[in-house]
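Asker: Questions regarding the structure given below will be posed in turn.
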Amino acid sequence: MKYIGTIVNTKGTAGSIFVGEVPAAVEKIKPGAIIKIGYSENFGQSYTLKHWKKNTKGAILDIEGITSKEHAMTLKEQGVFCSQDDIIRDDRKPYFDDELLDFIVVNVEDETEIGRVIDYWEMPANDVLLVATAHGELPVPMIEDVIDFIDEESGVIGIIPMDGLFDLLNNDEDKDEDDE
């Protein structure tokens, strides 16, 4: 199951809930999907989704059995979780932040290994992979000009380094010199 967001408020008087922090990879959740609501996926209560509407700040959900604002308020600040099979992905943001962790990043120009993905940042303009290298952490933009391929089966991401990319290397040795 994937974390979809946190219930931050109610919407209207009929029990609709507003979920914030929806991952960009989620375009929609299929009506009829079984979702879990709770403080964790393991301790969540199962509900059936009637309707999903995404907007720029999150999504509004109508859920079977939640018919009043009062009932919806009891779920506030709890997480919403959904099976990957019920998620319709946004083609523009096809990955969840945890799906590329530990992938090996290679330079396709000289076939050298650059490092391993340690974080995935969802950003307004484009997402960014944070890659741990032998010389520090390197932010790699997830744009067509840089990402050559993503091989999900082998866990490898091939990049074409753009001019100045390695200048972004966050070198721990440089930090120590700055602190002195």
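Terminal number for the sequence shown in my numbering: 324, no gaps in between. We put the beta carbon where it would ideally sit given N, CA and C, even for glycine. These figures come from a predicted structure and were not determined experimentally.
(1) Could you check if L273 is buried or exposed, using at least 16 other CB atoms within 10 Å of its CB as the buried criterion?
(2) How close, in whole Å, do the beta carbons of I179 and Y191 come, if the pair is a contact with beta carbons under 8 angstroms?
(3) Using C-beta distances below 7 angstroms, list every residue in its chain close to Q228, excluding the 5 sequence neighbours before and after it, in chain order.
(4) Are the C-beta atoms of I148 and some chain B residue less than 7 angstroms apart?
(5) DSSP has F293 in a bridge; who is on the other side?
(6) Pick helix, strand or coil for D206, following the three-state DSSP scheme.
(7) Could you check where the alpha helix (DSSP H) with K194 kicks off and where it finishes?
(8) Short check: CB of A278 to CB of R260, under 7 angstroms?
(9) What's the C-alpha gap between I148 and G209?
(10) Could you spell out the range, first to last residue, of the beta strand (DSSP E) harbouring E257?
(11) With a threshold of 8 angstroms on Cβ separation, who are the neighbours of Q189 within its own chain once the five nearest residues in sequence on each side are excluded?
(12) Roughly how many whole angstroms lie between the Cα atoms of G280 and K201?
(13) Which residue marks the beginning of the beta strand (DSSP E) containing E281, and which one marks its end?
(14) What's the call for D322, buried or exposed, on a 16-neighbour Cβ count within 10 Å?
Answerer: In brief:
(1) One-based indexing of the sequence shown puts residue 273 at position 129. Buried.
(2) In the sequence shown, counting from the first residue as 1, residue 179 sits at position 35. In the sequence shown, counting from the first residue as 1, residue 191 sits at position 47. Sure, about 6 angstroms apart at Cβ, within 8 angstroms.
(3) The sequence position of residue 228 within the sequence shown is 84, counting from 1. So the list reads K146, once near-sequence residues are dropped.
(4) In the displayed structure, chain B is absent; only one protein chain is listed.
(5) Residue 293 sits at position 149 when you count from the first residue of the sequence shown. F293 is bridged to G302.
(6) Counting from 1 along the sequence shown, the entry for residue 206 is found at position 62. Strand.
(7) Against the sequence shown, residue 194 aligns to sequence position 50. Unbroken run through K194 is the beta strand (DSSP E), 189-199; no alpha helix (DSSP H).
(8) Here residue 278 refers to the residue found at position 134 when the sequence shown is read from its first residue. Here residue 260 refers to the residue found at position 116 when the sequence shown is read from its first residue. No, Cβ-Cβ distance for A278 and R260 is not below 7 angstroms.
(9) By 1-based counting over the sequence shown, the position of residue 148 is 4. By 1-based counting over the sequence shown, the position of residue 209 is 65. For I148 and G209, the distance between alpha carbons rounds to 20 angstroms.
(10) Counting from 1 along the sequence shown, the entry for residue 257 is found at position 113. Here the beta strand (DSSP E) through E257 covers 256-265.
(11) In the sequence shown, residue 189 corresponds to position 45, counting from 1. The residues are K180, I181, G182.
(12) Here residue 280 corresponds to residue number 136 of the sequence shown, with the count starting at 1. Here residue 201 corresponds to residue number 57 of the sequence shown, with the count starting at 1. The straight-line gap from Cα to Cα measures roughly 34 angstroms.
(13) Stepping through the sequence shown from its first residue, residue 281 is reached at position 137. First-last of the beta strand (DSSP E) with E281: 280-285.
(14) Taking the sequence shown and counting its residues from 1, the one referred to as residue 322 is at position 178. With a pLDDT of 48 at D322, under the threshold of 50, the modelled position of this residue cannot be trusted; read the value that follows with caution. Under this definition D322 is an exposed residue.
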